[in-house]
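Engineer: The structure under discussion is supplied below as structure tokens; questions concerning it will follow.
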Amino acid sequence: MNSKAQNMQMKIHLIVGARPNFMKMAPLYKEFCKYPEKFSAKLIHTGQHYDERMSKFFFDDLQMPKPDEYLEVGSGTHGRQTAKIMERYEVVLQKDKPDLVIVAGDVNSTSACAIDAVKMHIPVAHLEAGLRSFARTMPEEINRILTDAISDYLLTPSLDGNKNLIEEGVPEAKIFFVGNIMIDSLLQYRSRAAKSDILQRLKIKEEYALITLHRPSNVDNKKGLLIILNAFENISGSIKLIFPIHPRTRKQIRKFGLDEKVKSMQNLILSESVGYYDFLKLQMEAKFIMTDSGGIQEESTFFGIPCLTLRPNTERPITISQGTNKLVKLNTQDIIKEAQNILSGNIKAGTIPKYWDGKTAERIVKIFSKKA
Ligand code: UD1
3 MNSKAQNMQM KIHLIVGARP NFMKMAPLYK EFCKYPEKFS AKLIHTGQHY
53 DERMSKFFFD DLQMPKPDEY LEVGSGTHGR QTAKIMERYE VVLQKDKPDL
103 VIVAGDVNST SACAIDAVKM HIPVAHLEAG LRSFARTMPE EINRILTDAI
153 SDYLLTPSLD GNKNLIEEGV PEAKIFFVGN IMIDSLLQYR SRAAKSDILQ
203 RLKIKEEYAL ITLHRPSNVD NKKGLLIILN AFENISGSIK LIFPIHPRTR
253 KQIRKFGLDE KVKSMQNLIL SESVGYYDFL KLQMEAKFIM TDSGGIQEES
303 TFFGIPCLTL RPNTERPITI SQGTNKLVKL NTQDIIKEAQ NILSGNIKAG
353 TIPKYWDGKT AERIVKIFSK KA
């Protein structure tokens, strides 16, 4: 491309940092790349998640190129991690001067990079805007509120997002209902995921429930963790449980001396965290799912698999009103009761929300095409 053509391109940074960002940015990156005359997109990876299993596995499965910039921030306290991201991304912004920065979701990388960009007067688009759990004790809620407050383009996955933003006084002209971009990735890779041999590798032939757990409110204190593990112990008497474990949770189980308790549950299959195809396969084939993740509430709604969310709230209420999700209080008996309810055939039917259709990246690129 000659330099005149390059000058006409809109230079865009797509920020990724933690595992749930990768399946949101991959389809958008690919869609921008279809129009090289209009857009030049760069992938910036903060390095918030750095383990092979939390990052590279996903880049590989999602067929993403190596990031253009890798900031290597790693783990740390919220203050330290956020500060490191801001310090390092600012240098990239000064060098590159993009026309637009797109951040996704609610992780520390999201708010840190958004703050950097707006302070340099670079427009910011927030992918997955408007979601609210209304629980400010959750770090993600702070990241959502901060990022939405300073972004120029608020790209919402569902209409409850529009409603929340309007109630907070955001001008409607900034809000774009684009749909759920995670479903773009899911639809693109669903048939490959169906061929994953993860069940053979885990030697699972029978029915199972799938578990994930990583929220600080569930795993960072021994009491909460025990409430949940005691429920799993009981439920594993009725059905096999598969538990791909997040590094934070593994660390906390060790710290609280609960390793032996987990190992002693014969019907609980503990595995390392798995890649994107393997995890989709585990969801598709599960009898039901118990999780505290945000994205899994959405994916299970799409697949029509019953999901018990082990949290007092959700920023994704549409998965309850329309989908297969149900909130369960942090109480051993409540968790057991809800699981037994599903096992006895009492299954909540759901529908797929509007614009969870695989075309969200297209809708977003159309918005920016008008500006390019
Ligand atoms: C982060 C996000 C959370 C998201 C989750 C998905 C924030 C505030 N939280 O939580 O919203 O749902 O990612 O996974 O941004 N660790 C590793 N290897 C890694 C990454 C982390 O071992 O590649 C361990 C470290 O011990 C680290 C801990 O996990 O201290 C927590 O990692 P961190 O990125 O701070 O938060 P998550 O719990 O992963």
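To convert, note that position 155 of the sequence shown is 157 in the working numbering; the numbers rise steadily by one, no gaps. C-beta atoms are modelled at their ideal positions from N, C-alpha and C, and glycine is treated no differently. Bear in mind the structure is a predicted one, so any value in this text is a computation, not a measurement.
Return yes when the Cβ of residue 168 is within less than 8 Å of the Cβ of residue 333, no when it is not.
Structural biologist: Not a contact, by the Cβ cut-off of 8 Å.
Engineer: Which full runs of the alpha helix (DSSP H) of 4+ residues lie inside the stretch 25 to 100, going along the chain?
Structural biologist: Here the runs fully enclosed are 58 to 63, 80 to 98.
Engineer: Report yes if the C-beta of residue 295 is less than 7 Å from at least one heavy atom of the ligand HEM; otherwise report no.
Structural biologist: Among the ligands modelled here, namely the ligand UD1, the ligand HEM does not occur.
Engineer: Using 7 Å as the cut-off, classify the Cβ of residue 126 as near or not near the heavy atoms of the ligand UD1, replying yes or no.
Structural biologist: Checking every heavy atom of the ligand UD1 against the Cβ of residue 126, none is found closer than 7 Å.
Engineer: Kindly indicate the opening and closing residues of the beta strand (DSSP E) around residue 169.
Structural biologist: Premise fails: residue 169 lies in the alpha helix (DSSP H), 161 to 169, not in any beta strand (DSSP E).
Engineer: Give every residue of the same chain whose Cβ lies closer than 8 Å to the Cβ of residue 31, excluding the five residues on either side of it in the sequence, and list them in chain order.
Structural biologist: Excluding sequence neighbours, residue 31 sits near 16, 43, 45, 66.
Engineer: Determine the burial state of residue 186: buried for a count of at least 16 other Cβ atoms within 10 Å of its Cβ, exposed for fewer.
Structural biologist: Classification for residue 186: buried.
Engineer: Applying the criterion that 16 or more other CB atoms from any shown protein chain within 10 Å of the CB defines a buried residue, is residue 10 buried or exposed?
Structural biologist: Residue 10 is exposed by the Cβ-count criterion.
Engineer: Relative to the ligand UD1, is the shortest distance from any of its heavy atoms to the C-beta of residue 77 smaller than 7 Å?
Structural biologist: Checking the Cβ of residue 77 against the ligand UD1 gives yes.
Engineer: Report back the beta-carbon spacing between residue 292 and residue 184 to the nearest angstrom; my notes put them in contact at under 8 Å.
Structural biologist: Not a contact, Cβ separation roughly 20 Å.
Engineer: Tell me the rounded alpha-carbon separation between residue 221 and residue 256.
Structural biologist: For residue 221 and residue 256, the distance between alpha carbons rounds to 11 Å.
Engineer: Check the C-beta distance from residue 102 over to residue 87 and give it rounded, since I have them as a contact under 8 Å.
Structural biologist: Contact doesn't hold; Cβ gap of about 18 Å is too wide.
Engineer: Counting only runs that start and end within the stretch 123 to 193, where is the alpha helix (DSSP H) found for 4 or more residues in a row?
Structural biologist: List check, alpha helix (DSSP H) in window: 141 to 152, 161 to 169.
Engineer: Looking at the strands, I want to know which residues DSSP matches up with residue 2.
Structural biologist: In this structure the chain extends from 3 to 374, so residue 2 is not present and cannot be described.
Engineer: Quick check on this structure: which residue in 369, 362, 310, 374 has the alpha carbon closest to the alpha carbon of residue 29?
Structural biologist: The residue with the shortest Cα to Cα distance from residue 29 is 362.
Engineer: Is the Cβ-Cβ distance between residue 329 and residue 308 less than 8 Å?
Structural biologist: Contact: no.
Engineer: So what does residue 311 bridge to, in DSSP terms?
Structural biologist: 293, 329.
Engineer: State buried or exposed for residue 266, treating a residue as buried only when at least 16 other CB atoms are found within 10 Å of its CB.
Structural biologist: Looking at its Cβ environment, which holds fewer than 16 other Cβ atoms inside 10 Å, residue 266 is exposed.
Engineer: Compute the minimum distance between the beta carbon of residue 20 and the heavy atoms of the ligand UD1, and state whether it is under 7 Å.
Structural biologist: For the ligand UD1, at least one heavy atom lies less than 7 Å from the Cβ of residue 20.
Engineer: Is it buried or exposed, residue 49, if we count other Cβ atoms within 10 angstroms and call 16 or more buried?
Structural biologist: Result: buried.
Engineer: Is the stretch 190 to 206 touching the stretch 267 to 278, taking contact as three or more C-beta pairs under 8 Å?
Structural biologist: Touching, yes, given that three or more Cβ pairs across the two stretches are closer than 8 Å.
Engineer: Between which residues of its own chain and residue 163 is the CB-CB distance below 7 Å, once the five residues before and five after are set aside?
Structural biologist: The answer, listed in chain order, is 131, 132, 133.
Engineer: Hey, quick one: how far does the beta strand (DSSP E) through residue 16 stretch, first residue to last?
Structural biologist: Per DSSP, residue 16 belongs to the beta strand (DSSP E) from 12 to 18.
Engineer: What residue range is occupied by the uninterrupted beta strand (DSSP E) comprising residue 276?
Structural biologist: Segment: none, residue 276 is in no beta strand (DSSP E) and carries neither H nor E.
Engineer: By how many angstroms is the C-alpha of residue 99 removed from the C-alpha of residue 13?
Structural biologist: For residue 13 and residue 99, the distance between alpha carbons rounds to 8 Å.
Engineer: What whole-angstrom Cβ distance do residue 281 and residue 249 have, given they're in contact under 8 Å?
Structural biologist: Between residue 249 and residue 281 the Cβ distance is about 15 Å, and since that is not below 8 Å, they are no contact.
Engineer: Give the DSSP-derived three-state secondary structure of residue 106 in the structure shown.
Structural biologist: Strand.
Engineer: Whose C-beta lies closer than 7 Å to the C-beta of residue 200 among residues of the same chain, with five residues either side of it excluded?
Structural biologist: The residues are 276, 280, 283, 284.
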